[in-house]
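Chains as they are written, first to last, in the working numbering: chain A, 8 to 155; chain B, 8 to 155.
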C-alpha cells in the first residue's frame, strides 16, 4: 500500500500524510512559507526536476492547499500562494524544523531562523493548551483512540 | 534522489523527514505515543507486514528515537519505548493529527481524542512563543533562510 492509497484511512495522521507526506511536496511547502511564489523560484530553491515540481504544484492546488493566481500581463503566468488550508499547515512545518534543528543539527547551524514579529525574539514555537494556556508536552496529554 | 538520501541536506525539515517521513514509520510513532510497546501490538494496530515493521522498528532504534528493553523472563522479548528524542517528536505528530482532523475529517469524527490532563478539556494544542507567551501563527513569524 502506498501513501496515496491511504486517504480513506480513518487516522488523521495517515490522511494528512497521504496529501503532504511526499518529500518534494514538503519542500514545496517549505518554500511557500518562505514566500516563494513562482515556478522558476520553486524550481531553483528545491532543486526538483521541472515535471516533478509541476506535478506537485498541481496536486497541492487540487487539494486546496495552494491557489494559482495570474500575474503580470501574460495570462499563462501564475503565482502559487498558500490558501487558508495551506497556511494552517504551519505547525506541521515548524515542528519538523524545530525537531531537525534540535536533534539533527547541521555543521553550519540552523538553516532557517525563526523570529517572533511581536516580541522580536528568535525562537521555536512550542505547544500550549488553548483552553487553559499552559505549555503542553506528550506527557501532559491523554490520547484516546476510538478504535480500541 | 530518495528521502533516505537527503539526510545530508542542510534543511532541517528535509533532514527530519529523511528519518521519519516514511508512512509506516509515522504509523509506528503514532502507536508508540498511544503506548503501544510490543511487536505484535504494533503489527495488529498498524497493519504493517511483519518484515516491514521489523525494519522500521530497527531503524527507529538505530536513530535513537525508540529504545529496546527486554521484558518478561525470555531474553528474546523486547518492548519498544520512545526515548527523549522520540518523545520530542510529539509536536510533529500532534500537528499532523490536528490538521487532518480539521481539513480531512472522516465520516465518523476524529479517531483520536486529545485531552489535557491538567485542565481536563478536550483540545488540540496550539503554538505559542516561549519567550513572550503569545499565540503564534505563520503570519506572526519571520523566517529567514541562511542560504538566500
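Don't be surprised by glycine CBs; every beta carbon is placed ideally from N, CA and C.
Whose C-beta lies closer than 7 Å to the C-beta of residue 70 of chain A among residues of the same chain, with five residues either side of it excluded? 26
At 7 Å on the CB atoms, spell out the chain B contacts of residue 50 of chain A, in chain order. The contacting residues do not exist; residue 50 of chain A stays about 14 Å from chain B at best.
Grouping DSSP H, G and I as helix and E and B as strand, with all else coil, what is residue 130 of chain A? coil
Please list, in chain order, all residues of the same chain as residue 43 of chain A whose beta carbon is under 7 Å from its beta carbon, the five residues on each side excluded. 49, 52
Can you tell me whether DSSP reads residue 7 of chain A as helix, strand or coil? Residue coverage of chain A in this structure runs from 8 to 155, which leaves residue 7 of chain A outside it and unanswerable.
If we cut at 9 Å on Cβ distances, does residue 65 of chain B have a partner in chain A? no
C-alpha distance - residue 29 of chain A paired with residue 37 of chain A, whole-angstrom precision: 12 Å
On the DSSP letters alone, give me the boundaries of the beta strand (DSSP E) that residue 77 of chain B sits inside. 73-77
Residue 114 of chain B - containing beta strand (DSSP E), residue span: Residue 114 of chain B -> no beta strand (DSSP E), and no H or E assigned at all.
Is there contact here, the segment 54-69 of chain A with the segment 98-112 of chain A, by at least three beta-carbon pairs under 8 Å? no
Please confirm whether residue 84 of chain B has its beta-carbon closer than 9 Å to some beta-carbon of chain A. no
Cutoff 9 Å: residue 87 of chain A Cβ touching any chain B Cβ: no
If you check the beta carbons only, do residue 23 of chain B and residue 99 of chain B fall under 9 Å apart? yes
How would you call residue 149 of chain A, buried or exposed, if buried means at least 16 neighbouring beta carbons within 10 angstroms? exposed
Measuring straight from C-alpha to C-alpha, what distance separates residue 117 of chain B and residue 45 of chain A? 36 Å
From the DSSP output, in three-state form, read off residue 138 of chain B for me. coil
Using the C-alpha atoms, what's the distance from residue 19 of chain B back to residue 152 of chain B? 11 Å
Counting only Cβ pairs nearer than 8 Å, list the residues of chain A close to residue 68 of chain B. Within 8 Å Cβ-Cβ: nothing; residue 68 of chain B doesn't reach chain A, min ~15 Å.
For residue 122 of chain A, collect the residues of the same chain with a Cβ closer than 6 Å to its Cβ; drop the 5 residues on either side in sequence, then sort them by chain order. 129
Residue 59 of chain B: buried (16+ other C-beta within 10 angstroms of its C-beta) or exposed? exposed
What's the C-alpha gap between residue 139 of chain A and residue 61 of chain B? 40 Å
From the DSSP output, in three-state form, read off residue 88 of chain A for me. strand
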